[in-house]
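Numbering (our numbering), first residue to last: 4 to 103.
All C-beta atoms, glycine included, are put in the ideal place defined by N, C-alpha and C.
See structure below.
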């Protein structure tokens, strides 16, 4: 029962984190015509998806630093981390679980 409760808590946390990320992305990138519900959790953020570019990628790095205190040590991880809202949320969650 505890395991099920833990899984539900984890799922709810991820859903809230993804919803928060969508609002933060819109605000950080000043996407005035986009609403959070317009962004799919697995929708690509770059190219054919949301259509972000390399300048937007820098803004997403700033977003992670400002809101979550996370610095990306290896810039080559960027394309993997910023693939979608879900991959960003997964990365944030993994970083928050790491000690110190």
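Check	Outcome
Alpha-carbon spacing of residue 73 relative to residue 100, whole angstroms	12 Å
Of the listed residues 20, 6, 53, 7, nearest to residue 96 (C-alpha basis)	20
Cβ-Cβ distance between residue 91 and residue 67 below 9 Å	yes
Residue 43 versus residue 86 - alpha carbon distance	12 Å
Identity of the residue in 6, 53, 84, 14 nearest residue 64 by Cα	84
Residues near residue 88 in its chain [Cβ-Cβ closer than 8 Å; skip 5 each side]	21, 24, 25, 28, 42, 43, 44, 45, 46, 48
Rounded C-alpha distance that separates residue 9 from residue 16	10 Å
Spatially closest choice to residue 70 from 81, 30, 38, 39, by CA coordinates	30
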